[in-house]
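Each protein sequence line maps, in turn, to chains W and S. With the first letter of the first sequence counted as 1, position 92 gets the number 92 in UniProt numbering; the numbers rise by one all the way through. With the first letter of the second sequence counted as 1, position 96 gets the number 96 in UniProt numbering; the numbers rise by one all the way through. Cβ atoms here follow ideal geometry from the backbone N, Cα and C, with glycine treated the same way. Keep in mind the model is a prediction, meaning the values are calculated, not measured.
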Amino acid sequence: MNKLRTGAFHTGMILLSLLWLGPVLWVVVMSTRSFDDIAAHGVGSLPRSFTLDTYRQAWTDGGELRALINSMLVTVPSVALSLGLAAMAAFALSRFRIPGRRTILLLMLAGNLLPPQILLIPVAKFSELTGLYDTLWALIAVQVGFGLGFYTFVLHGFMRDLPGEIQEAATIDGAGTAQIFTRVMLPLTRPALAALGALSFTWIFNDLLWAITVLRTDDNMPVTPALLALQGQFVSSWNVIAAGTVIAAVPTVAVFLRFQRHFVSGLALGAVK
Amino acid sequence: MSDFDPGRRRFLGHLGLAGLGALGASSFLSACASSASGPTTSNGSGAVTIQSNLSSPQAKAAMEKLIETFNAQGKGTASLNTIASETFRTQLPTYLTSANPPDLYTWYAGSVANDYASKNLLLDVSEVWKSLDDYPQSLRTLSTDASGKQIFVPMNNYWWGFFYRKSNFAKWGVQEPKTWTEFLALCETLKSKGIPPIGIGLGDTPWVASAWFDYLNIRINGAPFHRELLAGKQRFDDPKVKAVFTRWREALPYFDPKGKAYPFQEATTALLAGKTGMFLIGTFFADAAPKDALGDLDFFRFPIIDPAVPLAEEAPTDGFFASAKTANPTGTKALLSYLAGVEAQEAYVKASSGIVLPANPRAKASDSPLVVKGKAMLNEAKELTQFFNRDSSDALQPTADTALTKFIDKPDQIDAILREWQAGAEKVFKG
């Protein structure tokens, strides 16, 4: 009976993971087919050709190298800056009796409840007024601005639960506020920062909406709009797009594998108070 | 942004930076702000920027080549910016209304361009047209806005028709129909052989159905009525419009039932594989065909329904317009003149694999039998229309998509569908 249950469990799980992996496998297979094969037999048929030229096309003709560099130029500073600022804000809001701190926190969180679509035009116009339109700085500023509320909220919850005695001990030892923050709070918040870092990396890296809102030069586009640009006006080479997608997925997969542990803890972050 | 001035800009710039600086990164961001203003100011005297939606690999390569040649000629410099066509479509109004817009844009002729012209967003290019006196009058009219000045320079156009594989028609022993009766007879023959006669692809690309509406309307009611209808001067619940759907219903049983599920690119695959008989589509579909199938493709014109109605065909025209706010109007016009010239147009036709006809009457089109036939068909037409969205607006297109897909699903409810369509259209025209 027990054996039967284990067997059923494994079969079920294998089927479930196949269901999950199916689309991914499909994309990988499609990326190795030739255009004529897809055009003649459809995107859903079994492969009748094998080529790796699609990867070359996506890389050189599609300009993925430039796009990946742009993505990194945006993602890395955005993650660092937004987490740095959020940690400072969370530290101040959770450890000091700032008047109206609850309101400030709720206000920051409330910003996240707005659907980003209604802010597209204001953001585009504002980035123009500041002279940042069509630069990567604009994208960094937007990503930092929109991430800040949520990161602060999560880090606030985490820091609030750290024992106050540690801070008091540090104060008695003569540490100033800045020292307490950098030498006591930040090391203690590391698990939360790592989890948020991994999450925000994927979010920012995979963002498309803000990129096309504040950028208009193809040389500045990060990888998501570059993938979109592989589509033609009417007809798309799905094999090249699939190859481009596989390439674009590499950085996020790498980050996921490196920070796998934190991803799971990150999802549970703030769940238990 | 018409009330824009440098002083206010600088003020707001500092305001924005002060705000960001308060977040604790002032030195970081002000450093980048000063570097960001570099290209903004140098743009005026320097290169003309072209914002292009021709993102398919062949068309993109063709455009790159054209710009390279232009730059080598020394009459000015231009830089090409290729944006995903879907992104381009949604962002075009933002580009045009921004304070420092790109100079030149690829887009469509006709009412979509006139719409922007009426908002004073487009550059008057009448000067360029002075050297285009051998262009046909139809293209000139299409490029002229309501106030009588030219705002558009056409690059090429293409045609729509019923495409089929010659080998399949030979195998099935059928011929091109000329009239609606012959067309229905052909459908019946194909159906009796077990082949869905009419292919269509409406999943993700519901606008393909508009070709049927356009063609039936210009065959039954004529092009002038069609234009008036799309301009809001006639009603969609008019009995004349209902007559269009009565005809359509005769052909509806012959549509490929799978066509509602997949996009037109897959409908192309189905046509090429002989799973459907024919497909009413524009020539751009040939980009989705494997190279070895291209020689086997042929088409016939949408069958004649009422011989008394002057012959009209759909010929969407693509080209360029420029921003009224361009800092370099001379350079922009020089580039437009180059793009309208014989040399550039022939080079584009050759480099892009698409089956297109150059707008310049002296430029030679490709001499494949398909292109020769398409050109002859357009020349024979008394009137040219473009396509539903191009003759009306991108805002009206969704109302057509809803109405037409509903009709294909539930043809019995046509009266209600047309009433809803009229209501939807009124909202668009008022808005």
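Pair within 9 Å by beta-carbon distance, residue i and residue j
i, j, result
"Leu188(W)", "Leu208(W)", "no"
"Thr326(S)", "Pro101(S)", "yes"
"Ala403(S)", "Trp421(S)", "yes"
"Ala78(S)", "Leu104(S)", "yes"
"Tyr158(S)", "Gly76(S)", "no"
"Ala211(W)", "Pro191(W)", "no"
"Ala242(W)", "Ser31(W)", "yes"
"Ile204(W)", "Leu68(W)", "no"
"Ile166(W)", "Val142(W)", "no"
"residue 282(W)", "Val223(W)", "Nothing about residue 282(W) can be read from this structure; chain W reaches only from 1 to 273."
"Pro329(S)", "Leu92(S)", "no"
"Gly111(W)", "Gly149(W)", "yes"
"Gln58(S)", "Ser352(S)", "yes"
"Pro263(S)", "Thr205(S)", "yes"
"Tyr108(S)", "Asp318(S)", "yes"
"residue 482(S)", "Phe321(S)", "Outside the shown range of chain S, which is 1 to 431, sits residue 482(S), and nothing can be said about it."
Under the three-state DSSP convention, the category residue i falls into
i, result
"Asn168(S)", "helix"
"Ser192(S)", "helix"
"Val356(S)", "coil"
"Gly38(S)", "Any reading at Gly38(S) must be qualified, since the residue scores a pLDDT of 34, below 50, and its modelled position is unreliable; no value is offered."
"Ala33(S)", "Note that Ala33(S) scores 36 on pLDDT, short of 50, meaning its location in the model is unreliable and no value can be drawn from it."
"Asp391(S)", "helix"
"Val250(W)", "helix"
"Pro303(S)", "coil"
"Thr144(S)", "strand"
"Ile212(W)", "helix"
"Thr200(W)", "Thr is not the amino acid found at residue 200(W); the sequence shown has Ser there. Ser200(W) falls in the helix class under three-state DSSP."
"Met63(S)", "helix"
"Phe28(S)", "Caution is warranted here: a pLDDT of 36 is assigned to Phe28(S), below 50, making its placement in the model unreliable, and the coordinate value is therefore given only provisionally. Reduced to three states, the DSSP call for Phe28(S) is helix."
"Gln73(S)", "helix"
"Glu127(S)", "helix"
"Ala22(S)", "At Ala22(S) the pLDDT is 36, less than 50, meaning the model places this residue with poor confidence and gives no usable figure here."
"Met1(W)", "coil"
"Ile50(S)", "strand"
"Ala425(S)", "helix"
"Pro101(S)", "coil"
"Asn328(S)", "coil"
"Phe245(S)", "helix"
"Thr6(W)", "helix"
"Ser210(S)", "helix"
"Ile14(W)", "helix"
"Val235(W)", "coil"
"Pro77(W)", "helix"
"Ile140(W)", "helix"
"Leu384(S)", "strand"
"Glu176(S)", "coil"
"Gln234(S)", "coil"
Whole-number beta carbon distance between residue j and residue i, since they are thought to touch under 8 Å
i, j, result
"Arg101(W)", "Leu93(W)", "5 Å"
"Ile151(S)", "Ala117(S)", "5 Å"
"Leu297(S)", "Ala289(S)", "7 Å"
"Ala312(S)", "Ile218(S)", "4 Å"
"Phe213(S)", "Val244(S)", "7 Å"
"Gly176(W)", "Ala58(W)", "Wrong, their Cβ atoms sit about 52 Å apart, outside the cutoff."
"Val24(W)", "Leu139(W)", "In fact, because the Cβ distance is near 28 Å, the residues do not count as touching under 8 Å."
"Thr152(W)", "Ala194(W)", "Not quite, the Cβ-Cβ distance comes to about 17 Å (not below 8 Å), so this is no contact."
Closer than 8 Å: residue i CB and nearest the ligand NAP heavy atom
i, result
"Val24(W)", "As far as ligands go, the structure on display features none, and thus does not contain the ligand NAP."
Closer than 7 Å, Cβ to any Cβ of chain B: which residues of the stretch 206–226 of chain W, in chain order?
-> As a matter of chain content, chain B is missing from the structure shown, whose protein chains are W and S.
Contact between the stretch 344–364 of chain S and the stretch 57–73 of chain S: three or more CB pairs below 8 Å?
-> yes
Check whether the stretch 239–251 of chain S touches the stretch 408–424 of chain S, taking contact to mean three or more Cβ pairs, one atom from each stretch, closer than 8 Å.
-> yes
Which residues, in order along the stretch 158–175 of chain S, keep a beta-carbon less than 7 Å from a beta-carbon of chain W?
-> none
Quick one, which residues of the stretch 250–270 of chain S are near chain W if we go by CB-CB under 9 Å, in chain order?
-> Tyr262, Phe264, Gln265, Glu266, Thr268, Thr269 and Ala270
Stretch pair the stretch 272–283 of chain S + the stretch 191–201 of chain S: three plus CB contacts closer than 8 Å = yes
Does the stretch 148–165 of chain W touch the stretch 53–63 of chain W, meaning 3 or more C-beta pairs lie closer than 8 Å?
-> no
Using a beta-carbon distance cut-off of less than 9 Å, what residues from the stretch 235–257 of chain W approach chain S?
-> Val235, Ser236, Ser237, Trp238 and Val240
Determine which residues of the stretch 289–318 of chain S have a Cβ less than 8 Å from any Cβ of chain W, and write them out in chain order.
-> Ala289, Pro290, Lys291, Asp292 and Ala293
Looking at C-beta atoms only, is the number of pairs between the stretch 378–392 of chain S and the stretch 222–232 of chain S that lie closer than 8 Å three or more?
-> yes
Between the stretch 120–143 of chain W and chain S, which residues of the former have CB atoms less than 9 Å from a CB of the latter, in chain order?
-> Leu120, Ile121, Ala124, Lys125, Phe126, Ser127, Glu128, Leu129, Thr130, Gly131, Leu132, Tyr133, Asp134, Thr135, Leu136, Trp137, Ala138, Ile140 and Ala141
What are the residues of the stretch 81–93 of chain S that lie near chain W, defined by any Cβ-Cβ distance shorter than 7 Å?
-> Asn81, Thr82, Ile83, Ala84, Ser85, Glu86, Thr87 and Gln91
Contact list for the stretch 61–75 of chain W against chain S, Cβ threshold 9 Å | Asp61 and Gly62
Could you say if the stretch 204–215 of chain S and the stretch 368–376 of chain S meet the contact criterion of at least three C-beta pairs nearer than 8 Å?
-> no
Three or more beta-carbon pairs under 8 Å between the stretch 52–61 of chain S and the stretch 232–244 of chain W, yes or no?
-> yes
Taking Cβ-Cβ distances below 9 Å as the criterion, which residues of the stretch 270–289 of chain S are in contact with chain W?
-> Ala270, Leu272, Ala273, Gly282, Phe284, Phe285, Ala286, Asp287, Ala288 and Ala289
What residues from the stretch 183–198 of chain S come within 8 Å of chain W, judged by C-beta to C-beta, listed N to C?
-> none
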